[in-house]
Amino acid sequence: FAIGSVLMVMIYAGGHVSGAHYNPAVTVSIYLRGACDRSEVAPYILAQVTAGAIAALVTGKLLMSDTDVNPLDMELIPALTAELLFTLALAYVILHVATSEATEGNQYYGAAIAFVVLAGALTVGGISGASFNPAVTTSLLFSGALEPADVWIHLLPQIAGGSIAAYAYKVTTA
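Okay, structure coming up:
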């Protein structure tokens, strides 16, 4: 609940500044949907991944001891599936509630987005770590919770899920 709540308030707090671009997979999805210029993609992703790394380093040094972090124990197919499905769901919801002219001006976008992450954390957190976000994957790597050899198990389905969501959005809104 803490993860979903923090995400929700950060979306409401930063949405007017950056569009609440906190997730590289979603940035790719927004670009593929046509709601973001190509020139914005790399700077957003660089900032997102850098923020994930800094967050891991700061929390690792200030909030946790070395014994607080246990590497994720993941099985390949379930972890790939969990990251793909929930990244797809997250990006699909974001495209509909935060980038669509049909829902422009709504006040529920932050809650809708956060509840997808909360649902994912509760249902598949034990399977994949419930990252659904390459910036969070970077944070997991820097914190020691994700082994370098396992990074692709998160990144590949996250980018694929964001990309599929863009095309699903286009099909459902055509």
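Heads up: the sequence shown begins at 3 in the numbering used here, then just goes up one per residue. Even for Gly, the Cβ is constructed at its ideal location relative to N, Cα and C. Just so we're clear, the structure is a prediction, and the values are computed from it rather than from any experiment.
* To do: With a threshold of 16 other CB atoms inside 10 Å of the CB of Ala151, please say whether the residue is buried or exposed.
  => exposed
* To do: Write down every uninterrupted run of the alpha helix (DSSP H) in the stretch 57–101 whose length is 4 residues or greater and which is fully enclosed by it, in chain order.
  => 78–100
* To do: Pull up the CB-CB distance for Val43 and Thr29, whole angstroms please, since I reckon it's below 8 Å.
  => 6 Å
* Does the Cβ-Cβ distance between Gln109 and Asn135 come in under 9 Å? -> no
* To do: Return the first residue and the last residue of the alpha helix (DSSP H) that Leu142 is part of.
  => 136–145
* Asked: Is it true that the CB of Thr140 sits closer than 9 Å to the CB of Gly16?
  -> no
* Asked: Using DSSP with H/G/I as helix, E/B as strand and the rest coil, what is Gly6?
  -> helix
* Helix, strand or coil: which one does DSSP assign to Leu148? -> coil
* Asked: When you compare each of Val119, Glu149, Leu158, Pro73 to Ile5 by their alpha carbons, which one comes out closest?
  -> Val119
* To do: May I ask which residues mark the beginning and end of the alpha helix (DSSP H) holding His23?
  => Where His23 is concerned, there is no enclosing alpha helix (DSSP H), given that its DSSP letter is neither H nor E.
* Thr125, enclosing alpha helix (DSSP H) - first and last residue -> 111–130
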